[in-house]
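Numbering (my numbering), first residue to last: 4 to 1192. Virtual Cβ for every residue (Gly too), placed ideally from N, Cα, C. From a predicted model like this one, the values you see are computed outputs, not experimental measurements.
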């Protein structure tokens, strides 16, 4: 007789166990992960229960041959901030570099910016540096470093993370520091090079911190399990999809341990059933994980989990905040679902703990979950069934708000949740250019079977596969996984140099094979994944190919994949081999055979009432275990499993396959319901709002996927939007704040100038700052949308082109005084006429100016990408009209605008009007008077200075965008940004002022600097929040070979009840900062300092955020250009708070002189000279002496 095998997924709420007994039968078991009154650990308790052992009995090793686990212990510790105290060891001058990171904020409309707090609690700065090639340029100081380590030890620290620049190229400095730390007695030492061999200092350093913070917690848990399983082989699932022995399991590879089992299970189940193109749909209580498979497991090299960046290979899983516990609410005229969740405690209303209404309650009310077939584990003694009465009372109360019946409200909430989940899958597939017609949706997770048919229908997928263990598929998948060793190695060389790396790659492969063999496993297969990209770009494509593949074959495969995913190839651009992922795996276990049940078709257990498609029906309930091979079911029907209930929707057929899988197939398309038109239905208002926003977001996905330039493709400096036939903004995917609301003026300019010429297949291009543009590099493509030969809508995309001519490369001269010096001005130039590309017309416009564009091919390629984005929007809007009718779509656009209008009107009674004036560094004044009235808001910029002879003039569209942004920030609940916000607003901007300049005023700084000052002026008049840094700190340097541009973060203003955030971009920008290692490897510079500028934030009851200090050493002669503000004036405080410190910039010359540079400067620098930038802090809020009051 054999022994038991246990495959366990220890999740955040439940622990799922799949057990294979000695006779080959499979058993499933589910326990609460935390139940301290009954057991210390759910996994061990479950094993004892399945073996029939008493609660405290030892587990006999002879009865168990194997235990495999996935666990969320590390993930939970990360989410709950329950790791160990960590000290970070890094370079002198880089104390705060990991905290500042890439400088962007997570929510662009938040005035109270909440950034993830560092996981380390102290920082030790040490001497020693390597250059970009990994050569030592500054020695480590052993005496000083060891003294600092001894001091840490005396303070009680036992865990250190070591993060030093360029340690991926030369780990010697990190190794030496780690040895000293070991000698001083530290038990947890996480050196970044040992965790990741890839460049990007911020991501690799943060990975080291996460490992140091979580690994001791994980190791305590692993030791606890190992002690309880003495003598039993114990393996853990890693985030990349392979198993490893307990002694090799570490936190950095544990974050997606459980979900990875689900992906492996999804693939084994799908391929075992004969399907090779799969969408994974794993719906749990709090969230839903979606994934894609088309022949190989998809992995990412870097990802973000719980707002923490990790640079380790892990399976590509996209999470959306929609699960069984997603809370259903009614807010401001619309029905909302999530993203908040009821969690396990209190849980849904039906769980008898006083919880809110959730998606689970929707299914209970509608009969899709039958209480008599749900475990009776609720109430004080954990013996009562679901509380249907509590659910019904909740929906009856909610229906009084929605104006719908309880059933209509619940069914509407399900439709919204389904739309959110389907959109998440569409995002994944659109990015890869995938059409889903021939895919199969593999549904799993406790709540997946309830919604799989609806999600599949929404995606146009016609098959759903439900494995016999779909409710515990992550645990089952862990049992089907193979032990493996996987590592990614940096190469960073031209693809043509690959033959010179093959010997090294074979050595890496042999090392991986030896490591797997040392774990007691026999290597059975190895896979090689080449990570390639075009030179100058960062978007990687993964190519699975044998190690011996020649560069020419790899290049051909890369070109084919690039064409497929992005729609173009760059034949003249070299291909770079970024890195290589090698995996060596043992053989995966054979799939255990599923028992085939023959015989007559099973009869339903009972008939139950179920609400579907607007009416109550009587539907059959089947027990899945009673179904016989080949039996077919017609929807609607319910199928009971030990771990959940499956809902077979109307128009779908279910068939039990010989292998035990249930295959749901759509047999007929359902008739689309039609919303009421007299007044906005709260469900349809939310659905249309989501659909409009999703179309704009999908346009953005297409633009980022097909653009050529780094600005659009990787810095994501673009926006896409939908407009009604009047040119009013309906939905603008929130990409770049300064674009928000300004594109509508460009659309209206096209309508007014060429409206009589518009025809299907047209597109017009413009960047005119006097007709809705911001500055010349931001080029807008506007396309009319015709439905039934009638102009119904517009779509538009705006992208920041890398160069549009002008006196300087990049088209952002610091000293321009005439618009012509800033580049080519485009005023409604036809880009497409009736579907025919007008390439010659556009080429002439771009090349026949006084200072023409410098890279015409890239401009044309990016314009074509914008056309592709617009085409996506046109197709989506036309498809929506085909489904719903154009009159319905237009009516709900009106409702969406009216909804936003009402949200602003609701603000008026609480708004405090006022006047505010601000005199800038450059001597001009911004003035605004805000007057709230009963039904409108007057915003009057009278008193603002006339247009300036410099380039700080801001086109009127920027003033409009800043106004829209501020109004959106004042509304605290989620709401789409559209032109409805400005309907109650009378915006007065004096013509010919610095905020509404006339031709030929220069405007480049108006976009990047004056826009920030307008925002602070508006917020100052409203007395809402103190001033943020009020500048983007634009820095450009270059020579004949290199050109670099960055904007730099500073301090955010404090407000009532909150401190300002430090080292973050604020208001009208949110662009990313280049990683220090990438900066030094691509440009002849060295970053000498990057940290917060201490005490630069204004004092008060609540302090303003700190600015930053950034010191760059130049290694070659360069032209340096600075375009900044708030170097003389300080960011104001409010309510008695003190102003933040003004910024400062100095140049340290080679001869030792220090030059203080003015706010705008163009200078030449020589090798060895250093620029030190100090950015402004945010203003404080409230008299410090009166804080207690």
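(1) Under DSSP, the beta strand (DSSP E) around residue 925 begins and ends at which residues?
(2) Between the Cα of residue 1048 and those of 947, 1070, 465 and 811, spot the shortest distance and give me the residue it belongs to.
(3) If we ignore side chains and look at the alpha-carbon of each, how far apart do residue 991 and residue 775 end up?
(4) Can you give me the start and stop residues for the beta strand (DSSP E) that residue 381 sits inside?
(5) Find the nearest neighbour of residue 430 within the set 365, 699, 275 and 595, judged by alpha-carbon distance.
(6) Assuming residue 220 and residue 86 form a contact by the criterion Cβ under 8 Å, report the distance between their Cβ atoms to the nearest whole angstrom.
(7) Does residue 1056 come out as helix, strand or coil in the three-state DSSP assignment?
(8) Please classify residue 727 as buried or exposed, where buried requires at least 16 other C-beta atoms within 10 Å of its C-beta.
(9) At the level of alpha carbons, what is the spacing between residue 993 and residue 929?
(10) Between which two residues does the beta strand (DSSP E) harbouring residue 1149 extend?
(11) Short of 7 Å in beta carbon distance, which residues of its chain neighbour residue 1182, apart from the five on each side in sequence? Order them along the chain.
(12) Would you call residue 599 buried or exposed, if buried means 16 or more other Cβ atoms sit within 10 Å of its Cβ?
(13) With a CB to CB cut of under 7 Å and the five nearest residues on each side skipped, what residues in its chain are close to residue 4?
(14) With distances taken between CB atoms, is the gap from residue 535 to residue 561 smaller than 8 Å?
(15) Give the secondary structure of residue 292 by DSSP, where H, G and I count as helix, E and B as strand, and everything else as coil.
(16) Could you tell me the distance, in whole angstroms, from the CA atom of residue 202 to the CA atom of residue 1080?
(17) Could you tell me which residues DSSP pairs with residue 735 in its beta bridges?
(18) Would you tell me roughly how many angstroms separate the C-alpha atoms of residue 808 and residue 1153, rounded to the nearest one?
(19) Among 1083, 843, 1119 and 1176, whose alpha-carbon lies nearest the alpha-carbon of residue 134?
(20) Quick one: what does DSSP say residue 185 is sitting in, helix, strand or coil?
(21) Measuring only the C-alpha atoms, how far is residue 1184 from residue 961?
(22) Jot down the residue ranges of each uninterrupted beta strand (DSSP E) in the region 1008-1084, minimum 3 residues, whole runs only, in chain order.
(23) Among 1021, 902, 146 and 1069, which has the Cα closest to the Cα of residue 187?
(24) On the premise that residue 1130 lies in contact with residue 1162, defined as a C-beta separation below 8 Å, what is that separation, rounded to the nearest angstrom?
(25) In whole angstroms, what is the alpha-carbon distance linking residue 210 and residue 315?
(26) Whole alpha helix (DSSP H) runs in the region 859-942 with 4 or more residues, listed along the chain?
(27) Name the two residues that bound the continuous alpha helix (DSSP H) containing residue 7.
(28) Please classify residue 1177 as buried or exposed, where buried requires at least 16 neighbouring CB atoms within 10 angstroms.
(29) Please state whether DSSP places residue 555 in a helix, a strand or coil.
(30) For residue 330, which residues from the same chain have a beta carbon less than 8 Å from its beta carbon, with the 5 sequence-adjacent residues on both sides left out?
(31) Three or more beta-carbon pairs under 8 Å between the region 370-379 and the region 938-947, yes or no?
(32) Got a sec? Which residues, its chain only, sit under 7 Å from residue 353 by beta carbon, not counting five neighbours each side?
(33) Can you check whether the CB of residue 1004 is closer than 8 Å to the CB of residue 938?
(34) Note down, one range per segment and in chain order, each alpha helix (DSSP H) of at least 4 residues found wholly within the region 45-103.
(35) Given residue 140, which residues of its chain have a CB within under 8 Å of its CB, disregarding the five upstream and five downstream residues?
(36) If contact is defined by three or more beta carbon pairs under 8 Å, each pair taking one atom from either stretch, is the region 672-690 in contact with the region 414-422?
In terms of the structure at hand:
(1) On the chain shown, residue 925 is found 922 positions in, with the first residue counted as 1. It is not in any beta strand (DSSP E) - residue 925 carries neither H nor E in the DSSP assignment.
(2) Locating residue 1048 in the chain shown gives position 1045, counting from the first residue. Taking only the C-alpha atoms, the option nearest residue 1048 is 811.
(3) Within the chain shown, the letter at position 988 stands for residue 991. Within the chain shown, the letter at position 772 stands for residue 775. Distance between the alpha carbons of residue 991 and residue 775 is about 16 Å.
(4) Here the question's residue 381 lines up with position 378 in the chain shown. Unbroken run through residue 381: none, as it is neither H nor E.
(5) In the chain shown, residue 430 corresponds to position 427, counting from 1. Closest option to residue 430, Cα to Cα, is 699.
(6) Locating residue 220 in the chain shown gives position 217, counting from the first residue. Locating residue 86 in the chain shown gives position 83, counting from the first residue. Right, the Cβ-Cβ distance comes to about 6 Å (below 8 Å), so this counts as a contact.
(7) For the purposes of this step, residue 1056 is identified with residue 1053 of the chain shown, where counting begins at 1. In this structure, residue 1056 counts as coil in the three-state DSSP scheme.
(8) Translated into the one-based positions of the chain shown, residue 727 becomes position 724. Classification of residue 727: buried, given that the 10 Å Cβ count is 16 or more.
(9) Working through the chain shown from its first residue, we reach residue 993 at position 990. Working through the chain shown from its first residue, we reach residue 929 at position 926. Each residue's alpha carbon lies about 11 Å from the other.
(10) Numbered from its first residue, the chain shown carries residue 1149 at position 1146. 1147-1151 is the span of the beta strand (DSSP E), which, as asked, contains residue 1149.
(11) Stepping through the chain shown from its first residue, residue 1182 is reached at position 1179. Once the five neighbours on either side are set aside, the close Cβ partners of residue 1182 are 1029, 1030, 1056, 1057, 1101, 1107, 1134, 1135, 1136, 1137, 1140, 1142 and 1143.
(12) If you number the chain shown from 1, residue 599 lands on position 596. Exposed, by the Cβ-count rule.
(13) Along the chain shown, one-based indexing puts residue 4 at 1. Reliability fails at residue 4, whose pLDDT of 47 lies under 50, so the model's placement of it is uncertain and the value that follows must be treated cautiously. Within the same chain, residue 4 has close Cβ partners 25.
(14) Taking the chain shown and counting its residues from 1, the one referred to as residue 535 is at position 532. Taking the chain shown and counting its residues from 1, the one referred to as residue 561 is at position 558. Result yes, Cβ atoms of residue 535 and residue 561 sit closer than 8 Å.
(15) Walking along the chain shown from the start, residue 292 turns up at place 289. Strand at residue 292.
(16) Working through the chain shown from its first residue, we reach residue 202 at position 199. Working through the chain shown from its first residue, we reach residue 1080 at position 1077. Roughly 7 Å separates the two Cα atoms.
(17) In the chain shown, residue 735 corresponds to position 732, counting from 1. Its beta-bridge partners are 724.
(18) Against the chain shown, residue 808 aligns to sequence position 805. Against the chain shown, residue 1153 aligns to sequence position 1150. Each residue's Cα considered, the two are about 33 Å apart.
(19) Within the chain shown, numbered from 1, the residue matching residue 134 stands at position 131. Ranking the options by Cα distance to residue 134, first place goes to 1083.
(20) By 1-based counting over the chain shown, the position of residue 185 is 182. It is helical.
(21) Taking the chain shown and counting its residues from 1, the one referred to as residue 1184 is at position 1181. Taking the chain shown and counting its residues from 1, the one referred to as residue 961 is at position 958. Between residue 1184 and residue 961, the C-alpha separation is close to 27 Å.
(22) 1037-1041 and 1046-1049
(23) Translated into positions along the chain shown, residue 187 becomes position 184. Checked all of 1021, 902, 146 and 1069; the closest Cα to residue 187 is 146.
(24) For this step, residue 1162 is matched to residue 1159 along the chain shown. For this step, residue 1130 is matched to residue 1127 along the chain shown. At roughly 4 Å, the Cβ-Cβ gap stays under 8 Å, so residue 1162 and residue 1130 are in contact.
(25) Against the chain shown, residue 210 aligns to sequence position 207. Against the chain shown, residue 315 aligns to sequence position 312. Approximately 8 Å, taken between the alpha carbons.
(26) 859-887 and 889-911
(27) Working through the chain shown from its first residue, we reach residue 7 at position 4. It is not in any alpha helix (DSSP H) - residue 7 instead sits in the beta strand (DSSP E) that spans 7-13.
(28) For the purposes of this step, residue 1177 is identified with residue 1174 of the chain shown, where counting begins at 1. Residue 1177 is buried by the Cβ-count criterion.
(29) In the chain shown, residue 555 corresponds to position 552, counting from 1. Of the three classes helix, strand and coil, the one that applies to residue 555 here is helix, per DSSP.
(30) Start at 1 with the first residue of the chain shown, and residue 330 comes out as number 327. 340, 341, 343, 344, 345, 359, 360 and 361, listed in sequence order.
(31) no
(32) Working through the chain shown from its first residue, we reach residue 353 at position 350. These residues qualify, in order along the chain: 363, 364, 367, 389, 390, 391, 393 and 394.
(33) One-based indexing of the chain shown puts residue 938 at position 935. One-based indexing of the chain shown puts residue 1004 at position 1001. No, the pair does not count as a contact, with Cβ atoms beyond the cut-off.
(34) 45-54, 76-82 and 100-103
(35) Along the chain shown, read from residue 1 onward, the residue named residue 140 stands at position 137. Excluding positions up to five away in sequence, the list reads 132, 133 and 134.
(36) yes
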